[in-house]
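Report on the structure given below.
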Amino acid sequence: MEDRNIRGHAAMLGVGVIFGLLSPVSKALLDSGLISPAGLMMTRTAGAAAAFWTASLFVRREPVALRDRLSLFFAALLGIVLNQGSFILGVSMTSPIDASVVTTTAPIFAMIIAALYLREPITGMKIAGVAIGAVGALMLILSSPAAASSGSGSIGGDLLCMFAQLSYATYFVVFKGLIGRYGPVTLMKWMFLFATLCWLPFGAEDFVSTRWQAFGWRNFAEVGFIVLGATFLTYLLLPVGQKNLRPTVGCMYNYLQPLVASLVAVLAGMDRFTTIKAAAVVLVFAGVYAVTRSKSKAQMDAEASRR
Numbered sequence: 001m002e003d004r005n006i007r008g009h010a011a012m013l014g015v016g017v018i019f020g021l022l023s024p025v026s027k028a029l030l031d032s033g034l035i036s037p038a039g040l041m042m043t044r045t046a047g048a049a050a051a052f053w054t055a056s057l058f059v060r061r062e063p064v065a066l067r068d069r070l071s072l073f074f075a076a077l078l079g080i081v082l083n084q085g086s087f088i089l090g091v092s093m094t095s096p097i098d099a100s101v102v103t104t105t106a107p108i109f110a111m112i113i114a115a116l117y118l119r120e121p122i123t124g125m126k127i128a129g130v131a132i133g134a135v136g137a138l139m140l141i142l143s144s145p146a147a148a149s150s151g152s153g154s155i156g157g158d159l160l161c162m163f164a165q166l167s168y169a170t171y172f173v174v175f176k177g178l179i180g181r182y183g184p185v186t187l188m189k190w191m192f193l194f195a196t197l198c199w200l201p202f203g204a205e206d207f208v209s210t211r212w213q214a215f216g217w218r219n220f221a222e223v224g225f226i227v228l229g230a231t232f233l234t235y236l237l238l239p240v241g242q243k244n245l246r247p248t249v250g251c252m253y254n255y256l257q258p259l260v261a262s263l264v265a266v267l268a269g270m271d272r273f274t275t276i277k278a279a280a281v282v283l284v285f286a287g288v289y290a291v292t293r294s295k296s297k298a299q300m301d302a303e304a305s306r307r
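Residue numbers (UniProt numbering): 1 to 307.
In structure tokens form, the structure reads like this:
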């Protein structure tokens, strides 16, 4: 495997693991009643913007063309504002189990959008890989104890979580070329600045009215994880995955999210590692491998030219 592919897979592996913890942590914080979804979104985007602009002081400065800044605004709209905003609001309305199930739609959206926008072929192996991975992810989710007792889902919340996956997949596909022109810190400092400005009219009042003095150490730890772990770190890694992997391959790592949640439940003594879970893990990684091995447009064009 080429070095660039290894970097891409390592980056998306990290993203999948961290995002796997995001749903339960966000749900726990929102259920505390100390902060609203809009207030949390404002905290997340503004906190990450501050972190990226601070980080930019320690890396090589990259001038960004005015035209590219406009593109970064729309990238921020899809990849941060609509994606994160819809997800946080959706999670507040539905159950973590439902939210986890809906994350399995991202690779499907990415495969379809990449076919339409990048003319990436939808091969039999790619379809099989997406399907196998989805079956494995759903087996993990539906075999958890929480799935049996979860009755707090809602259609509106599930649809918002699905829209978040659609906007994420669209961002991952459409802005692949732009992402390749700049470093991750440069990209994200502008994207999160634009995202913060977009969220100001909706989240500023909720942010100011949040009862920060009522937060305990656990609540602050949850905010810290959401801002620095599930936002700053993941959005440093995402451009590496976008730059080095095909869109469907990158989005396949969404299937790791229920795997991580299941592993945490087992380690915490809330679940057992069963044969079904073992089979599900095998299916998830088999699906990722199959999509990785499916032929790209460049490979098909090269084969056609040799005939």
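Where is the CB? At the ideal position from N, CA and C, for every residue including glycine.
- In this structure, DSSP gives I88 a helical state, which the three-state scheme calls helix.
- Residue state for V291 is assigned as helix, using DSSP reduced to three classes.
- With the rule of 3 Cβ pairs closer than 8 Å, the region 246-257 counts as touching the region 102-111.
- In this structure, the straight-line span from the alpha carbon of S71 to that of W199 is close to 18 Å.
- When Cβ pairs closer than 8 Å are counted between the two stretches, the region 18-28 is seen not to touch the region 176-192, the count staying below three.
- DSSP places T274 outside both helix and strand once states are collapsed to three, so it counts as coil.
- Straight across, the Cα-Cα distance linking S86 with V173 is about 19 Å.
- In terms of Cβ geometry, T210 and I6 do not form a close pair [threshold 7 Å].
- Per DSSP, the unbroken alpha helix (DSSP H) holding W53 starts and ends at P37 to A55.
- In this structure A137 touches V284 by the C-beta definition: roughly 6 Å separates them, less than 8 Å.
- Sequence-distant Cβ neighbours of I226 in its own chain, meaning closer than 6 Å and more than five residues away, are R44.
- W190 has its alpha-carbon roughly 7 Å from the corresponding atom of R69.
- Taking a cut-off of 8 Å on C-beta distances, the region 192-206 does not touch the region 11-25, as fewer than three cross pairs fall below it.
- Per DSSP, I112 is one residue of the alpha helix (DSSP H) stretching across A106 to Y117.
- Close CB contacts of Y171 within its chain, under the 8 Å cut and outside five residues either way in sequence, are with A75, L78, G79 and N83 (chain order).
- Distance check between S100 and each of H9, G157 and A286 places G157 closest, using alpha-carbon atoms only.
- For F175, the closest C-alpha among the options V130, K126, L237 and Q242 is that of Q242.
- Distance from the CA of W212 to the CA of S23, rounded to the nearest whole angstrom, comes to 21 Å.
- Burial is judged here by how many other beta carbons sit within 10 angstroms of a residue's own beta carbon; F52 has at least 16 and is buried.
- The alpha-carbon of T105 is positioned some 17 Å away from that of A290.
- Taking each of V185, A48 and L237 in turn and checking the Cα distance to S56, the smallest one comes out for V185.
- Taking 7 Å as the cut-off, the Cβ atoms of I132 and A286 count as close.
- Of the candidates F220, E205, M125 and T231, T231 places its Cα closest to the Cα of A48.
- For T234, the secondary structure class from DSSP, reduced to helix, strand or coil, is helix.
- Here Y117 is exposed. Its C-beta has fewer than 16 other C-beta atoms within 10 Å.
- Across the structure, L237 and M12 are spaced so that their CA atoms are roughly 7 Å apart.
- The continuous alpha helix (DSSP H) containing Q165 extends over residues I155 to V174.
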